[in-house]
Each structure stands twice: as C-alpha cells, then as structure tokens.
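A quick write-up on the structure given underneath.
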DNA sequence: CAGAAAAATTGCGTGCACGCAAGTTTGCGT
DNA sequence: ACGCAAACTTGCGTGCACGCAATTTTTCTG
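Chains as they are written, first to last, in the working numbering: chain X, 1 to 204; chain Y, 1001 to 1204.
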C-alpha cells in the first residue's frame, strides 16, 4: 500500500527540482537561471530534469502550486456531510487563500513575468484529476464521467477567478476589479453550484 | 466596420500557414515537415511563422479546428428562442459531428501522434472566448463573469468528450468505450445544463 | 539469492521557440 | 497628398525540449 522505494524517490527528485528552481529564480531572477543549474542543484542530469518538467516555467510554478491539487481534494473529502457544491467552494477558497509557508515574493515574481504567469494559470488545470477522484467517490463510481466534467469545470472557474485576481497584482492597479480572490472564487464557483446540486440529487 | 486591410492580410497569412502545415504534414508525414518549409510555402519568413503559431503542432491542428470556434458561437446565436442549455448542446454537437470539407486522413494522422493529439485537445479551449461573448449577450452584459465560467466549462466538457472519443480511434480498439462522439458530447454537456438553466433564470 | 524483467537515468543530436532590435508596411489625421 | 505613429515582418542569437538508444537501478519471481 505504501508507495514503495521507487515512487518515493521519484517524488523526492520532483520536489528537489521544483524547490531548486524556485530558490534559484528568487535569488537571481528567473531569466538568470539555466536549466543546467536547476538540474545540478537537484543532483540529476539536465536530461532527467526534462523528464519531470516540460519547461522551466513549469518547474518554478509547480513549487508554488505543488500540493494544492492534493490539498483541494482532501479538503473536499474532509466535508462529507456538507452539500457537495458548498464543500467544493469551501475547499477551494480555503486552499487558495491560505498563503501557506511560501515566500511571499514568489507570487509577485510569477505574476509579473508573462511566461510564468501563463504557466501559473495553466497549473490550475492540475486540480481536475484529484478532484474528479473525490467527486466520483461522492457521486457514485458509475458517474465517473460526470465527476470528470464537474472537476474540469471547477478548474476552469478557478482559472478565471485567479486570472482576474492577478491582473491587478502584476499589471499595476490600472483596472480596478471587483473583489478579492476569495470573492472572485466564490462568484465563479457559484455559477456551477446548480450542476453540483443536480448531480448530487441523481445519486446522493 | 469591415476588418480593414491590415487585419485581412493577417488572417490570410494565418490561413496560408495552417493550410500549408496540414498539406505538407499529410504529404510527407508530420515528422518530415520543417518549420522552414511551412513558412516558405506560405511566403513568409520562418520567424514570422512563429508570430502566428507557438508550435508546429498548433499550426497543423488549427487547420482542422480553425473556424470551429466561430462556428460554434454562431450556431448558438442562431438559436435565440431555444433554451440556452439546449442551444449550446445542439450547436456543439452540430459543429463537432459535421466532418466539414476536410481531408478525412487529417483526423487519423492527428489522433495517432501523441504530440498532435495533445495539441488537438488543447485546441478545444479556443471555443471558450467566442462562446463567452455570445453567452454574455444572452445572459445580459452584467453577467459577463458567469458567461466566461459557463463557456470555459463547456470547453472543458467538450475536451473530455473528445478525449474519450479519440482514445479508441488512435489507440486501437482495446478499450471499448460507450457511445459515439455525438453521445459523448451530449452526456458531458448534460452535466452542465442545470447551471445554464439557473443562469438563464437569473436574467432571462 | 540469483537472474531476469521493468523502469528510471543519462548523453547525444536535432530542430525549435522566442526575446530583441532594426527595417518595412499600413493607417490616420491634417 | 503628406508625413508621422503604430503595427507587422524579419534576422540573429541563445537556450531549450524531446526522440532515441544505451546504461544503471529497482523490483519481482521462483
């Protein structure tokens, strides 16, 4: 049941790579970090680094978004008696508004560079798969397809909320948008609530 | 009102590039097409090609998906009296099951190469922006955010449906999945119908 | 515990994506 | 019609992503 040595080593390597990527990017600025440096700092060959991450941006960003996927799914699972739509909203808001133990400079650096910002938004899609698993468990395994659609929709809604939120952050306060991240997430996810309710009614 | 010379030239260049990309890929096989060749066939410099497409895969795939975005949005707009949820389903099904005037070999080539398949799935996201516009018009311009969330959710649902559909196409008939593309699209989009109904009720 | 099978790491080679800055074209105001 | 400003094109240079095949490491089986 426990992951086994092989899998644990892989996760350790992955963690070492993303942490090295973020640390070096913060130290020198993202444009002064060569892939070679990240690999060396993590103790692997450059080619191996590319087996874990398809781009430098992904590696840096994943140091921030890494466990969010797992934590969102867990936060939903921790609310088994709550209405599913609410459980998802609360779980997402909880995980996305908790600053965690991160360097606060990380988000600013990411949002101010177009390439990193794009990778950060792409990363919202990563919550779909773990979320689909936990939704399938609540909706009944026969509704796996519905669970996948709902999970992917949540990811899309989160992306829109985050996108609107980081525009003012990185782009100077030119466009004055309504609401904080918390409110944006709630508003975006509220649109999907009726779909969750219907799915839950089908097989509650 | 008419696009103007500048914009029309850009669209012509874009069309020339994607058609050249697809034609060459079909003639020689996708791996035997150099970016240089595509650019030359379209009469632009290689660097210019990269101003239009971020990857060779995008160029090839966009020859197939090009106008689908616009056509889906138009197909929704063409059903103003229909319940919004149904209009979206019918529009999507109509556009995705119409083979169009394409070379039938194109889809097979795309689905059998991992890189092209990935680009093809990514391209489903492109329907979100035009769709969001037309949804905003139906829901009232004050609900632009809802429209964006719904549109992005539709794109996500379509992606899941298409993903399940092309697995058997390219991967040999090992996994026998339930339903054709039409049925997969209907099933995936049905999950979102309650959200559309609620949005329509809010400002019908 | 041995040895084979499966999986991960690595080096190499190739084409590529993209920032940048200079040159060229288009469009608009007067 | 003129000329300026904004937008598009192009060439160059650099680091990079990824297929492939050989090697090393982990796991499985008897």
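Here a beta-carbon is modelled for each residue, glycine too, at the ideal position from N, C-alpha and C. Note that the coordinates shown come from a computational prediction; the quantities given were computed from them, not determined experimentally.
By the Cβ rule, the segment 1041-1048 of chain Y does not count as touching the segment 1060-1070 of chain Y, because fewer than three pairs are nearer than 8 Å. With a contact defined as Cβ atoms closer than 8 Å, residue 20 of chain X and residue 38 of chain X qualify at about 5 Å. Between residue 152 of chain X and residue 1194 of chain Y, the gap from beta carbon to beta carbon reaches 8 Å or more. From the beta-carbon of residue 148 of chain X, the residues of chain Y found nearer than 7 Å are 1160. A straight-line Cα-Cα distance of about 30 Å links residue 1005 of chain Y and residue 114 of chain X.
Contact annotation: the segment 85-93 of chain X does not touch the segment 24-35 of chain X, with fewer than three C-beta pairs closer than 8 Å.
The criterion of a C-beta distance shorter than 8 Å is not satisfied by residue 118 of chain X and residue 161 of chain X. At a Cβ-Cβ threshold of 8 Å, residue 1128 of chain Y and residue 1155 of chain Y count as neighbours.
Residues of chain X whose Cβ lies closer than 8 Å to the Cβ of residue 1197 of chain Y are, in chain order, 194. Apart from the 5 residues on each side of it in sequence, residue 1042 of chain Y sits with its Cβ closer than 6 Å to the Cβ of 1016, 1017, 1020 in its chain, given in chain order.
Between the alpha carbons of residue 1120 of chain Y and residue 1110 of chain Y lies a distance of about 7 Å. Unbroken beta strand (DSSP E) runs of no fewer than 3 residues, entirely contained in the segment 31-58 of chain X, are not found. One finds nothing in chain Y with a Cβ atom closer than 9 Å to the Cβ of residue 92 of chain X; even the nearest lies about 13 Å away.
The DSSP-derived three-state label of residue 191 of chain X is coil.
Rounded to the nearest whole angstrom, the CA to CA distance from residue 105 of chain X to residue 112 of chain X is 11 Å. Boundaries of the alpha helix (DSSP H) harbouring residue 133 of chain X: 128-139, taken from the DSSP string.
Note on geometry: alpha-carbon atoms of residue 1009 of chain Y and residue 1099 of chain Y lie some 27 Å from one another.
Residue 1149 of chain Y is positioned such that its CB atom lies closer than 8 Å to that of residue 157 of chain X. Annotated three-state conformation of residue 186 of chain X is helix, per DSSP. Contact of residue 1134 of chain Y with chain X by beta-carbon distance below 9 Å is absent, the smallest such distance being about 16 Å. Residue 1079 of chain Y and residue 1203 of chain Y have their C-alpha atoms spaced approximately 17 Å apart. The CB of residue 1191 of chain Y comes closer than 7 Å to the CB of 146, 149, 150, 195, 199 in chain X, given here in chain order. The Cβ atoms of residue 1096 of chain Y and residue 1192 of chain Y do not sit closer than 8 Å to each other. By the Cβ neighbour-count rule, residue 146 of chain X is buried, with 16 or more other Cβ atoms within 10 Å of its own. For residue 62 of chain X, no Cβ of chain Y is located within less than 8 Å of the residue's own Cβ.
Per DSSP, reduced to three states, the secondary structure at residue 1082 of chain Y is coil, with no helix or strand assignment. Taking each of X/108, X/159, X/33 in turn and checking the Cα distance to residue 123 of chain X, the smallest one comes out for X/159. Counting only the Cα atoms, residue 201 of chain X lies some 43 Å from residue 1060 of chain Y.
DSSP places residue 1074 of chain Y inside the alpha helix (DSSP H), whose first and last residues are 1068-1077. Using beta-carbon distances, residue 73 of chain X does not count as an interface residue toward chain Y, since no partner is under 8 Å. With fewer than 16 other beta carbons inside 10 angstroms of its own, residue 141 of chain X counts as exposed. Short of 7 Å from the beta carbon of residue 1166 of chain Y, and not among the five residues preceding or following it, lie these beta carbons of its own chain, in chain order: 1111, 1117. Beta-carbon to beta-carbon, residue 134 of chain X and residue 85 of chain X are separated by about 14 Å, too far to satisfy the 8 Å threshold.
Just so you know, the alpha carbons of residue 7 of chain X and residue 163 of chain X end up roughly 34 Å apart.
The three-state reading of DSSP puts residue 1103 of chain Y in coil, since its state is none of H, G, I, E or B.
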